[in-house]
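Beneath this line is the structure, given in structure tokens, with notes to follow.
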Amino acid sequence: MNMLQEKLNFLLNKYDISSDVQIIDCQNAVIDGKAVQLLPWRSERRFAELKKLVESGTLNGLSTMRITHIAHKGADLFELFFREADICETIMGSALTEIFAVSNGDTALNVLAKNQDGCVCTFELAATLSDGAEPIDKHEIIACSGIACDRVVDTQVPQSSVYVLGEKNTEQYTDVDMELFGLDIGQCAAVRNCFEMAKTGEDTEKIVFHLNQVVEAAKKSISEIENVILSKAI
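Be aware that the sequence shown starts at 4, since it is given in our numbering, and climbs by one per residue.
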């Protein structure tokens, strides 16, 4: 049994969830015999906190959301956009309705979008890091009442909880979930997302369909060099 399944089983047993769940990897699972696509980023604490700031009204008069994500060379930029579009819609609580995109082959993708509430959302995506490098991403919300960001302003890059400085190298550790101790941030998010889907019965099929439409709109915008209006938002 892999560690993801072991940790998931722990949560299912602890909270008495009777669903039959197999987590295949950080993107896919089978719940009660049905294959489902996970959206693990939705369960990351930093995004949940940004969403709370919006929903509670702490951030009011929303204007813009700026997203940057730099991945390793060869990464699929449209897969990155799929992820970031969902993060944007989830945090802002509003679906993207208009897309304009430009790309530089397989290394860069820039998207300018507008959501149902009229807010501007920008996406700066790149696949330029060397193999093995940790992805760099940042999510910033600009509102009348202030600015919120999921990264420490002084660094603009992900930080670890513990650094062990050795003679030859530095080891880094980040444990973010007491119940899922030993998993990294992405694995914790995947297990939590799978658990929540089993607990609530949520189906991501319609969400995934909508996000695929958003991605296709970006591709169409690139090929036709014009704004693309999404016909229907969820």
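We put the CB at the ideal spot given by N, CA and C, even for glycine.
Any heavy atom of the ligand COA inside 7 Å of the beta-carbon of residue i?
| i | result |
| --- | --- |
| D180 | Looking at this structure, you won't find the ligand COA or any other ligand, since it has none at all. |
What's the gap between the Cα of residue i and the Cα of residue j?
| i | j | result |
| --- | --- | --- |
| M200 | D206 | 7 Å |
| G64 | P43 | 28 Å |
| V231 | L214 | 14 Å |
| V211 | G204 | 16 Å |
| K37 | K202 | 15 Å |
| D28 | R45 | 16 Å |
Please determine, among the options, the residue with the shortest C-alpha to C-alpha distance to residue i.
| i | options | result |
| --- | --- | --- |
| L115 | G135, E87 and E137 | E87 |
| S133 | I232, K117 and T110 | T110 |
| V123 | G135, S224, D19 and I144 | I144 |
| A3 | I228, E137, I20 and I90 | Lying before the first or after the last residue shown, residue 3 is absent from the chain, which here runs from 4 to 237. |
| E92 | M68, A78 and E219 | M68 |
| F85 | L128, K54 and G60 | L128 |
| G108 | S234, K222 and D153 | K222 |
Quick test of your reading: residue i and residue j, contact by CB under 8 Å. State the CB separation rounded to the nearest angstrom.
| i | j | result |
| --- | --- | --- |
| L11 | C197 | 6 Å |
| S106 | I225 | 5 Å |
Just to confirm before moving on: does the CB-CB distance between residue i and residue j stay below 8 Å?
| i | j | result |
| --- | --- | --- |
| I70 | H142 | yes |
| T173 | V167 | yes |
| I26 | A193 | yes |
| C147 | S97 | no |
Evaluate residue i with the Cβ neighbour count: other Cβ atoms within 10 Å of its Cβ, from every protein chain shown; 16 or more gives buried, anything less gives exposed.
| i | result |
| --- | --- |
| N118 | buried |
| F126 | buried |
| E52 | exposed |
| E170 | exposed |
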